[in-house]
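Chemist: A single structure is presented below for examination.
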Amino acid sequence: MRVAAVALAVALLLTTITAGAAPPIATQSIRPLFSITRDAGGVLSLPTDVAIGIDGNIYIVDGGNHRLLIFNRRGKPVRSIGRRGSKQAEFLDPVGVCTDPAGRVYVADKGNQRIQVFSADGEFELAFDVKDNGKPVDPVDVAASADGKRVYVTGNSNHKVMMYAATGKLLGKWGGEGVNKGEFRYPATLTTANDGRVYVVDVFNTRVQVFNAAGKYVLEFSGWGVLPGQSVRPKGIAIDRRGRIYVSDSYMDVVQVFDDSHQFVHVLGTGGTPHRFISAAGIAIDDTNRLYVAEVLKNRVSVYQLEP
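All residue numbers for the sequence shown refer to the numbering used here, where the first residue is 41 and numbers rise by one.
Here is the structure:
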């Protein structure tokens, strides 16, 4: 982290020195709409991820309070699910959340080493354990395929992606600790594209790796650094309806945007100035081009309108 901080400071210094000659960084404008900081049960505590349902509802993992929260599209509380525990609809340090095309909600219940599945309105449906040869994997995120038939889970301690049927049956796995193609060092969030590809944020390797639906390596992009398109601590990832890829960086406090060819396009901000998020982790984008950002240390989920 100290090396990254020094590098970032040097980059900012060089930018200042050459400000007269260097063009401003390309930005995509965003407009703040509202923030979610609490529900009827109290304030959020360390929210790590957010997902959007087919009806526009907002699902937030309230990790510090061991809850799954549901809000409507306007940010009004709908339901709170769970408490600290290991029974059905209870959680222990939940981290990731996603929805599938049928409206089901999947939660990576990290401390209980399982995925819990709920209906769109929050009714418990099923749970399945996430283990690798009988050993815990610390599941930190979950993503459903575009057809809803497969569910992908990142294992933080085994450095793998686990692939399941929607029923919880293990279909396969790939990865392992390392720096080579198809290997990971603490994979975090992941998402799926309409073509079936799986995008995995490989945190300590500071890159995003892309695989086909069966787990075959396709490509990678980003990489360590403080220049546009590079990352220091990539955390969240989302894909919009045009195929653009958004990646949050919790160290540089920015969200960068890549086109469908995985080339850097711009950073979210205004007039060449990046918008600064606070410890941005999980992100989501809905069909109306709204961006949702879980800002962990600010204990909030911030909502923005992405401008064309």
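Don't be surprised by glycine CBs; every beta carbon is placed ideally from N, CA and C.
Return the CA-CA distance between Leu267 and Asp187, expressed in angstroms with no decimal places.
Modeler: As a working mapping, residue 267 is identified with position 227 in the sequence shown. As a working mapping, residue 187 is identified with position 147 in the sequence shown. Their backbone Cα atoms lie some 36 Å apart in a straight line.
Chemist: Between the alpha carbons of Arg330 and Leu259, how many angstroms are there, rounded?
Modeler: As a working note, residue 330 is residue 290 in the sequence shown. As a working note, residue 259 is residue 219 in the sequence shown. Rounded to whole angstroms, Arg330 and Leu259 show a C-alpha spacing of 28 Å.
Chemist: Using DSSP's beta-bridge definition, name the partner residues of Met202.
Modeler: As a first step, residue 202 must be located in the sequence shown, where it is residue number 162. Bridge partners of Met202: Val193, Lys213.
Chemist: With distances taken from CA atoms, which of Ala148, Ser69, Gly143 is nearest Arg107?
Modeler: Here residue 107 is taken as the residue at index 67 of the sequence shown, counted from 1. The candidate whose alpha carbon is nearest that of Arg107 is Ala148.
Chemist: Does the beta-carbon of Ala61 have 16 or more other beta-carbons within 10 angstroms, so that it is buried, or is it exposed?
Modeler: Taking the first residue of the sequence shown as position 1, residue 61 is located at position 21. Residue confidence is low: Ala61 scores 44 on pLDDT, short of 50, so the model does not pin down where it sits. Its coordinate-derived value is still stated next. So Ala61 ends up on the exposed side.
Chemist: So, at 6 Å on beta carbons, what are the nonlocal neighbours of Val250 in its own chain, with the 5 sequence-adjacent residues on each side left out?
Modeler: In the sequence shown, counting from the first residue as 1, residue 250 sits at position 210. Taken in chain order, the residues that qualify are Arg237, Tyr239, Val258, Leu259.
Chemist: My output table needs one value for Lys116: the three-state DSSP class, helix, strand or coil.
Modeler: Residue numbering aside, residue 116 sits at position 76 when the sequence shown is read from its first letter. Correct three-state label for Lys116: coil.
Chemist: Which residues in the same chain as Leu211 place their Cβ atom closer than 8 Å to its Cβ, once the five residues preceding and following it in sequence are excluded?
Modeler: As a first step, residue 211 must be located in the sequence shown, where it is residue number 171. Counting only Cβ-Cβ distances below 8 Å, and skipping sequence neighbours, we find Arg190, Met203, Tyr204, Ala205.
Chemist: If you reduce the DSSP assignment to three classes, tell me which class Val135 lands in.
Modeler: Taking the sequence shown and counting its residues from 1, one reaches residue 135 at position 95. Of the three classes helix, strand and coil, the one that applies to Val135 here is strand, per DSSP.
Chemist: Taking 7 Å as the limit between beta carbons, can you name the residues of its chain near Val180, skipping five residues before and five after?
Modeler: Taking the first residue of the sequence shown as position 1, residue 180 is located at position 140. Excluding positions up to five away in sequence, the list reads Val135, Gly136, Ala148, Lys150, Thr194, Asn196, Ala228.
Chemist: Look up Phe244 in the DSSP assignment and say whether it is helix, strand or coil.
Modeler: Against the sequence shown, residue 244 aligns to sequence position 204. Three-state DSSP puts Phe244 in a helix.
Chemist: Nearest-angstrom Cα distance between Gly218 and Gly263?
Modeler: Position 178 of the sequence shown holds residue 218. Position 223 of the sequence shown holds residue 263. Going from the Cα of Gly218 to the Cα of Gly263 covers about 15 Å.
Chemist: Rank His199, Phe244, Ala66 by C-alpha distance to the C-alpha of Trp214 and give the top, closest one.
Modeler: Taking the sequence shown and counting its residues from 1, the one referred to as residue 214 is at position 174. Residue His199 is the option with its Cα nearest to Trp214.
Chemist: For a minimum of 3 consecutive residues, which ranges assigned as the beta strand (DSSP E) are wholly contained in the stretch 274-337?
Modeler: 274-279, 285-289, 294-298, 304-310, 320-325, 330-335
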